[in-house]
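Encoded as structure tokens, the structure appears first; notes follow it.
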Amino acid sequence: MLTLLFRTIFIYVFLILIMRLMGKRQLGELEMTDLVITLLLSEIATVPLTDPTKPLLHAVIPVTTLALLEVLASFLSLKLPFLRSLLSPKPAIIVHNGRIDRQQMQKARISLDELMCELRQKDVCDLNQVLYAIMESSGKISVIKKSAESPLCASQLGLQVSEPGMMRIVFCDGVYAAKTLRAIGRDKNWVNKQIKKAGLCPDSVFYVTADDAGNVRIQKK
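Numbered by the numbering used here, the letters in the sequence shown go through residues 103 to 323 in order.
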């Protein structure tokens with residue numbers, strides 16, 4: 103059992119190093135440690151299922167060890183910034199002020215065709231529109247356009263607009279969302295008044311949503 107414990111730890115560390123060498127593009131949306139855990143757990147969990155001669159402890163001990171390693175890695179990455187940079191690649195600036203950083207692009211193992219494809223998906227057809235294009239730790243590319251290429255907002259036009267806040271479901275299929283209603287300072291009676299104001303009854307309503315500003319949307323069944 104002790105040998106199995108050390109073998110699990112070794113494979114965990116080894117796979118993290120391999121994933122680190124493979125680069126960001128292979129990671130997708132998962133953090134590196136999450137991906138390693140997912141790969142290992144999917145394999146370890148099937149051992150006692152496919153081979154009845156293997157005791158359950160051969161799966162329980164490695165799975166428990168991996169779970170503890172994941173918790174420990176998350177805790178240490180918060181306390182030790184340098185460890186975080188080892189476990190997860192830092193963001194890299196691929197494009198700055200319309201100019202491509204070829205060295206960073208090569209480090210990220212992304213071709214010019216891939217970069218242009220990513221930019222087109224962000225509605226960018228010309229590199230001169232880009233202030234920053236950043237390869238994130240997840241492997242995705244974030245694009246920040248220059249101010250002259252960004253759409254105008256209300257503050258730039260000198261307009262004052264109210265903040266409606268988040269739209270929340272307060273009623274659905276005859277069920278009132280009590281916790282949500284408390285969060286926005288409302289109650290069931292308020293919902294019933296809104297339904298009645300719309301000329302409906304609760305039995306004929308599919309859902310009711312409301313935002314922090316009191317804007318209500320009602321859809322019939």
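Ideal placement from N, C-alpha and C gives every residue a C-beta, glycine not left out.
Given the structure is predicted, the values throughout are model-derived calculations rather than measurements.
Where residue i falls, given that 16 or more other Cβ within 10 Å makes a residue buried
i, result
"Gln205", "exposed"
"Gln128", "The pLDDT assigned to Gln128 is 48, lower than 50, so where the model puts this residue is not dependable; a value taken from the coordinates is nonetheless given after this. Exposed: under 16 other Cβ atoms inside 10 Å."
"Ile146", "buried"
"Gln296", "buried"
"Ala279", "buried"
"Val307", "buried"
"Ile271", "exposed"
"Ile212", "buried"
"Thr167", "buried"
"Pro191", "buried"
"Ile246", "exposed"
Closest residue to residue i among the options (Cα-Cα distance)
i, options, result
"Ile195", "Gln231, Ala210 and Leu143", "Ala210"
"Ile198", "Tyr234, Gly301 and Gly267", "Per the sequence shown, residue 198 should be read as His rather than Ile. That would be Tyr234, whose Cα lies nearest to the Cα of His198."
"Ala169", "Val149, Lys181 and Val138", "Val138"
"Cys227", "Gly267, Lys298 and Gly200", "Gly200"
"Asp289", "Phe112, Gly301 and Val310", "Val310"
"Cys274", "Lys322, Leu254, Val245 and Ile236", "Lys322"
"Leu217", "Gln231, Met237 and Ala250", "Met237"
"Gly267", "Val318, Val162, Gln223 and Lys242", "Val318"
"Ile320", "Lys281, Gly276, Thr140 and Asn230", "Gly276"
"Pro335", "Thr140, Arg186, Leu180 and Ser252", "No answer is possible for residue 335: the residues shown for the chain start at 103 and end at 323."
Reduced DSSP secondary structure (H/G/I, E/B, other) of residue i
i, result
"Val173", "helix"
"Leu104", "helix"
"Ala312", "strand"
"Lys181", "helix"
**Q.** Every unbroken alpha helix (DSSP H) within the segment 184-242, with a cutoff of 4 residues, ordered by chain
**A.** Inside the segment 184-242, DSSP marks whole alpha helix (DSSP H) runs of 4 or more residues at positions 204-209 and 214-223, from first to last along the chain.
Q. Which full runs of the alpha helix (DSSP H) of 4+ residues lie inside the segment 229-309, going along the chain?
A. Counting only runs of 4 or more, we get 280-285 and 290-299.
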